Amino acid sequence: MGFGYNYGNRAQVMWIASIAHNETVGIGRIQDWATHEIGNELSALYDTPHGVTLSAVMGSWMRYVYKNHMNRFARYAYEVFGVSREMEPEQAALTGIAATEDFFRSLGLPVSIKEAGINDCDFETMLDHINFRNGNQTIGGITSLDREDVRNILIMSAG
């Protein structure tokens, strides 16, 4: 029996999904849903599962914004992947980003748009459909990303 037929496992996933989507874990924190905004458009335009599009753009998004939040990304590497705290923050952040992509690959997920099998991605159509907002036509919480920023992330991920 696979995961999908195990009631206990399915119940756990549904509980975790409920917690994740009702913002319980985000109360009092700045949340950043930019990868979801980008992934949603990839999913819609290329009939690709949302989890696949998230893993495809996550590393590129992380590399694009980490310098603005070096300590946050270093802490992520230290606490999630056990990167040595003796490592300088920038190297730790980059190591954490690589470890994230390695984890996705271990699950059989792509870490780029190319690996997701999306060729000839129409970036302009995607950008036209993203709901840029926040009063300044951006997406993202920890880093505000405008249309050009998102285009750059897509280009990185397509490479």
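Note that this note's numbering has the sequence shown beginning at 104, numbered continuously upward. The C-beta atom is built at its ideal place from N, Cα and C for all residues, glycine as well. What you are looking at is a predicted structure, and each value in this text was computed from that prediction instead of being measured.
* Asked: For Ser260, which of Tyr181, Leu157, Thr198, Gln115 has the nearest alpha-carbon?
  -> Nearest of Tyr181, Leu157, Thr198, Gln115 to Ser260, Cα basis: Leu157.
* **Sheet register partners of Thr241 (DSSP bridge)** => Arg236
* Whole runs of the beta strand (DSSP E) within the segment 135 to 203, excluding any shorter than 3 residues -> none
* Candidates Ile133, Met117, Val214: closest to His172 by CA position -> For the set Ile133, Met117, Val214, the Cα lying nearest the Cα of His172 is the one of Ile133.
* **Best match in Ala159, Leu210, Gln115, Ser187 for proximity to Asn263 [C-alpha to C-alpha]** => In the structure as shown, the chain begins at 104 and stops at 262. Residue 263 is therefore absent and cannot be evaluated.
* To do: Check each candidate in Trp136, Gly111, Asn112 and name the one with the smallest Cα separation from Ala123.
  => Ranked by Cα distance from Ala123, the first of Trp136, Gly111, Asn112 is Trp136.
* Apart from the five residues on each side of it in sequence, which residues of its chain come closer than 6 Å, Cβ to Cβ, to Leu197? -> Leaving aside the five residues that flank Leu197 on each side, none in its chain has a CB nearer than 6 Å to its CB.
* For the alpha helix (DSSP H) that Asn112 lies in, which residues bound it at each end? -> 110 to 124
* Asked: Out of Lys170, Thr203, Pro213, which has the shortest C-alpha to C-alpha gap to Glu182?
  -> Thr203
* For Val116, does the count of other Cβ atoms within 10 angstroms reach 16, so buried, or fall short, so exposed? -> Exposed, by the Cβ-count rule.
* Per DSSP, which residues does Leu248 bridge with? Please list them. => Answer is Ile242, bridged to Leu248.
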